[in-house]
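Student: What follows is a single structure, and I will ask about it in a moment.
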Amino acid sequence: MFILINLKAYPCDPLKIANVARDVADESGVRIAVSPQTADITRVADTGIETWAQHVSPTDHGSHTGSTLAEAVADAGATGTLINHSERRLRLADIDKAVNAASRAELDTCVCANNPAQIGAATALSPDSVAVEPPALIGGDVSVATADPDIVSDAVESAAAIDTTVNVYCGAGVSSGDDVAAAGDLGASGILLASGVAKADDPRAALDDLVEPL
Ligand code: G3P
Numbered sequence: 500m501f502i503l504i505n506l507k508a509y510p511c512d513p514l515k516i517a518n519v520a521r522d523v524a525d526e527s528g529v530r531i532a533v534s535p536q537t538a539d540i541t542r543v544a545d546t547g548i549e550t551w552a553q554h555v556s557p558t559d560h561g562s563h564t565g566s567t568l569a570e571a572v573a574d575a576g577a578t579g580t581l582i583n584h585s586e587r588r589l590r591l592a593d594i595d596k597a598v599n600a601a602s603r604a605e606l607d608t609c610v611c612a613n614n615p616a617q618i619g620a621a622t623a624l625s626p627d628s629v630a631v632e633p634p635a636l637i638g639g640d641v642s643v644a645t646a647d648p649d650i651v652s653d654a655v656e657s658a659a660a661i662d663t664t665v666n667v668y669c670g671a672g673v674s675s676g677d678d679v680a681a682a683g684d685l686g687a688s689g690i691l692l693a694s695g696v697a698k699a700d701d702p703r704a705a706l707d708d709l710v711e712p713l
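See below:
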């Protein structure tokens, strides 16, 4: 299982979480990545943890003020990027362009979607992975795999019907090793989570719990 920690814009210490995540990844052998604010990518990547951007713009070099250029986040140290997160939605045509921009910069891509139907559409754009996250469960206390297991298994089926090489992750409300194990049992090969680590009093204990069943 891949564990991707999205720090969003939470008031956490990205370096503290990056160092803890690197230590837990090294000790457990579990693939863990941290997705900080764009401005923090270089110092997070310098800790040695796998680092992802939270978004890239559907643009090339050019007159695009305020954009997040895929090449720029790759140069800063990111090796992957989220696209179309629930809190950073794009139009379909722009998801396609963002996936192409990220691929051009050799970034791993994970396109987020609300439900299995959208997962099918996202998979057709050939990202490396897709992630199903029901918006109503994001930031909550109940994990997607517990609150709505069908949405995870249906997303896995939906993606497989289009392209079996695209990995399927899930997220929303994940905070424990039991949540991670339940998601794996439903066919997900990775987890996206945020508040369970970014808002934890003890991020090390939170991460130890998350990797415990893996
Ligand atoms: O990107 C992951 C995120 O949307 C899930 O948030 O706080 O429910 O783990 P959270």
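In terms of my numbering, the numbers along the sequence shown are unbroken and rise by one, the last being 713.
We put the CB at the ideal spot given by N, CA and C, even for glycine.
Closest to S527 by C-alpha separation, out of A699, F501, T546 and P510, would be which residue?
Tutor: Along the sequence shown, one-based indexing puts residue 527 at 28. The residue with the shortest Cα to Cα distance from S527 is F501.
Student: Please tell me whether E549 and H584 are closer than 9 angstroms, where the distance is taken between their beta carbons.
Tutor: As a first step, residue 549 must be located in the sequence shown, where it is residue number 50. As a first step, residue 584 must be located in the sequence shown, where it is residue number 85. Contact flag unset, no.
Student: If you count every other CB in all the chains shown that lies within 10 Å of the CB of L691, and 16 or more means buried, which is it?
Tutor: Taking the first residue of the sequence shown as 1, we reach residue 691 at position 192. Answer is buried; the Cβ neighbour count reaches 16.
Student: Please state the DSSP three-state secondary structure of L503.
Tutor: The residue you call residue 503 lines up with position 4 of the sequence shown. Three-state DSSP puts L503 in a strand.
Student: Determine the burial state of K515: buried for a count of at least 16 other Cβ atoms within 10 Å of its Cβ, exposed for fewer.
Tutor: Translated into positions along the sequence shown, residue 515 becomes position 16. Its Cβ having fewer than 16 others within 10 Å, K515 is exposed.
Student: Give, in chain order, every unbroken run of the alpha helix (DSSP H) that is at least 4 residues long and sits entirely within the segment 614-680.
Tutor: The segment 614-680 contains these whole alpha helix (DSSP H) runs: 615-622, 643-646 and 648-661.
Student: If you count every other CB in all the chains shown that lies within 10 Å of the CB of P535, and 16 or more means buried, which is it?
Tutor: By 1-based counting over the sequence shown, the position of residue 535 is 36. With 16 or more other Cβ atoms within 10 Å, it is buried.
Student: Is the beta carbon of S675 less than 9 angstroms from the beta carbon of G638?
Tutor: Numbered from its first residue, the sequence shown carries residue 675 at position 176. Numbered from its first residue, the sequence shown carries residue 638 at position 139. No, these two residues do not count as a Cβ contact at 9 angstroms.
Student: Which whole-angstrom value describes the C-beta separation of L606 and T578, a residue pair presumed to lie in contact below a C-beta threshold of 8 angstroms?
Tutor: In the sequence shown, counting from the first residue as 1, residue 606 sits at position 107. In the sequence shown, counting from the first residue as 1, residue 578 sits at position 79. L606 to T578, Cβ: 6 angstroms. Contact.
Student: In the DSSP assignment, what are the bridge partners of T550?
Tutor: Here residue 550 is taken as the residue at index 51 of the sequence shown, counted from 1. According to DSSP, which records beta bridges pairwise, T550 is partnered with V533.
Student: Just verifying my parser: in three-state terms, what is the DSSP assignment at A604?
Tutor: Counted from its first residue, the sequence shown places residue 604 at position 105. Coil.
Student: Got a sec, what are the start and stop residues for the beta strand (DSSP E) T541 sits in?
Tutor: Within the sequence shown, the letter at position 42 stands for residue 541. Per DSSP, T541 belongs to no beta strand (DSSP E); it is in the alpha helix (DSSP H), I540 to A544.
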